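S.K.: Following this message is one structure expressed as structure tokens.
Below, the structure written as structure tokens:
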């Protein structure tokens, strides 16, 4: 399996009563495919994984597998504070037909590098699906070091790493580990173009929820060596990168999708909808990116 390109980390739509909005999710998946996304992450941190029941993750994955029908990889969020939970989620994902799992480093417990290595090896051996390692120290409180990634990369079931640390030296250290069976993916929208230029295989993106075609074209242009076109797209998206960080992810992109009438602006506690004072900046950033908004909903 070659993981590459622009891969949205999909949000999870909810109804006003807090239940999953499966119709909105079906439409979101179909739209992402139409717009040229190269894969989909379902039930990751942008999908409010910590607030999802396992049965809900299964329902979302079943839709993704059915709608994608093998055209692009369906990657399931399978992170957890414990190894046992991560393995259980991976087995669940395998049971409904997902292609791989995106496994964030265990959070809160802050394991050592040896503990991280043991965690991911156990997941690779027992989970039943190919594993993409996911490092996001700002969320988890633990930093998966390149030396540990180098120890894990040769395992046949470990097929890549998503690095969200926006550090060019870190990205280069990981790019040195690239091989046909191991992809290096950016997990940071604002520095994705720099990562592409250095040789990264793709991006697991937050803003691609709202602008999937632009993110896919950013990747294609950069990989084709058309850096002028890629830089123009990146400049067009720069205000949206900033707006996506105004409040904790996925709060801003969910507000944006609601402005686009693609879902309701509902999150699960402890997350709340985007604060009123940030909505004008988000609306302006989306318009700058060429997105048509519902004027009744957008500031």
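Residue numbers (the numbering used here): 2 to 300.
C-beta: ideal position from N, C-alpha, C; glycine also.
None of the values given here were measured: they were computed from a predicted structure.
(1) On the DSSP letters alone, give me the boundaries of the alpha helix (DSSP H) that residue 96 sits inside.
(2) Buried or exposed for residue 177, going by 16 or more other Cβ atoms inside 10 Å?
(3) Nearest by alpha-carbon distance to residue 106: which of 97, 160, 116 and 12 is it?
(4) Closer than 8 Å by C-beta to residue 146: which residues in its own chain qualify, once you throw out the five before and the five after it? Chain order, please.
(5) To the nearest angstrom, how far is the alpha carbon of residue 292 from that of residue 46?
(6) Does residue 268 pass the burial test, meaning 16 or more other C-beta atoms within 10 Å, or should it be called exposed?
(7) On a Cα-Cα basis, can you pick out the residue from 159, 160, 111 and 151 that is closest to residue 141?
(8) Between residue 8 and residue 204, how many whole angstroms is the CB-CB distance? I'm expecting something under 8 Å.
(9) Quick one, which of 127, 160, 103 and 130 has its alpha-carbon nearest residue 136's?
(10) Quick check on DSSP: helix, strand or coil for residue 226?
(11) Any idea which residues DSSP pairs residue 164 with across the strands?
(12) Could you tell me which residues DSSP pairs with residue 205 in its beta bridges?
(13) Shorter than 8 Å, the distance from the beta carbon of residue 96 to the closest heavy atom of the ligand GDP, or not?
(14) Comparing alpha-carbon positions, which option in 72, 224, 213 and 287 lies nearest residue 36?
(15) Pick helix, strand or coil for residue 104, following the three-state DSSP scheme.
(16) Quick one: is residue 61 buried, meaning 16 or more other Cβ sit within 10 Å of its Cβ, or exposed?
(17) According to DSSP, residue 75 sits in a beta bridge with which residue or residues?
(18) Do residue 155 and residue 191 have their beta-carbon atoms positioned less than 9 Å apart in this structure?
(19) Quick one: what does DSSP say residue 180 is sitting in, helix, strand or coil?
(20) Decide if residue 109 is buried, meaning its Cβ has at least 16 other Cβ atoms within 10 Å, or exposed.
(21) For residue 21, which three-state DSSP category applies?
(22) Is it buried or exposed for residue 180, if we count other Cβ within 10 angstroms and need 16 for buried?
M.R.: With the given structure in hand:
(1) Here residue 96 is taken as the residue at index 95 of the chain shown, counted from 1. That run of the alpha helix (DSSP H) goes 84-96.
(2) The residue you call residue 177 lines up with position 176 of the chain shown. Exposed, because fewer than 16 other Cβ atoms sit within 10 Å of the Cβ of residue 177.
(3) Translated into positions along the chain shown, residue 106 becomes position 105. Considering only alpha carbons, the answer is 116.
(4) To locate residue 146, count along the chain shown from 1; it is residue 145. If we look at residue 146 and ignore the five residues flanking it on each side, its Cβ neighbours are 114.
(5) Against the chain shown, residue 292 aligns to sequence position 291. Against the chain shown, residue 46 aligns to sequence position 45. So the alpha carbons of these two residues sit roughly 24 Å apart.
(6) Taking the chain shown and counting its residues from 1, one reaches residue 268 at position 267. Buried, because 16 or more other Cβ atoms sit within 10 Å of the Cβ of residue 268.
(7) Indexing the chain shown from 1 puts residue 141 at position 140. The residue with the shortest Cα to Cα distance from residue 141 is 111.
(8) The sequence position of residue 8 within the chain shown is 7, counting from 1. The sequence position of residue 204 within the chain shown is 203, counting from 1. About 7 Å; that satisfies the 8 Å criterion.
(9) As a position in the chain shown, residue 136 is number 135, starting the count at 1. Taking only the C-alpha atoms, the option nearest residue 136 is 103.
(10) On the chain shown, residue 226 is found 225 positions in, with the first residue counted as 1. Residue 226: coil per DSSP, three-state reduction.
(11) Here residue 164 refers to the residue found at position 163 when the chain shown is read from its first residue. According to DSSP, which records beta bridges pairwise, residue 164 is partnered with 136 and 187.
(12) Here residue 205 refers to the residue found at position 204 when the chain shown is read from its first residue. Residue 205 pairs with 8.
(13) As for the ligand GDP, it is missing from this structure, which has no ligand bound.
(14) Position 35 of the chain shown holds residue 36. Residue 36 has its Cα closest to that of 213, out of 72, 224, 213 and 287.
(15) Position 103 of the chain shown, counted from the first residue, corresponds to residue 104. Strand, per DSSP.
(16) Your numbering for residue 61 matches position 60 in the chain shown. Buried, by the Cβ-count rule.
(17) As a first step, residue 75 must be located in the chain shown, where it is residue number 74. Looking at the DSSP assignment, residue 75 forms a beta bridge with 41.
(18) For the purposes of this step, residue 191 is identified with residue 190 of the chain shown, where counting begins at 1. For the purposes of this step, residue 155 is identified with residue 154 of the chain shown, where counting begins at 1. No. Outside cutoff.
(19) If you number the chain shown from 1, residue 180 lands on position 179. The three-state secondary structure of residue 180, taken from DSSP, is strand.
(20) On the chain shown, residue 109 is found 108 positions in, with the first residue counted as 1. That one is exposed.
(21) On the chain shown, position 20 is the one that residue 21 refers to. Note: residue 21 maps to strand in three-state DSSP.
(22) In the chain shown, counting from the first residue as 1, residue 180 sits at position 179. That one is exposed.
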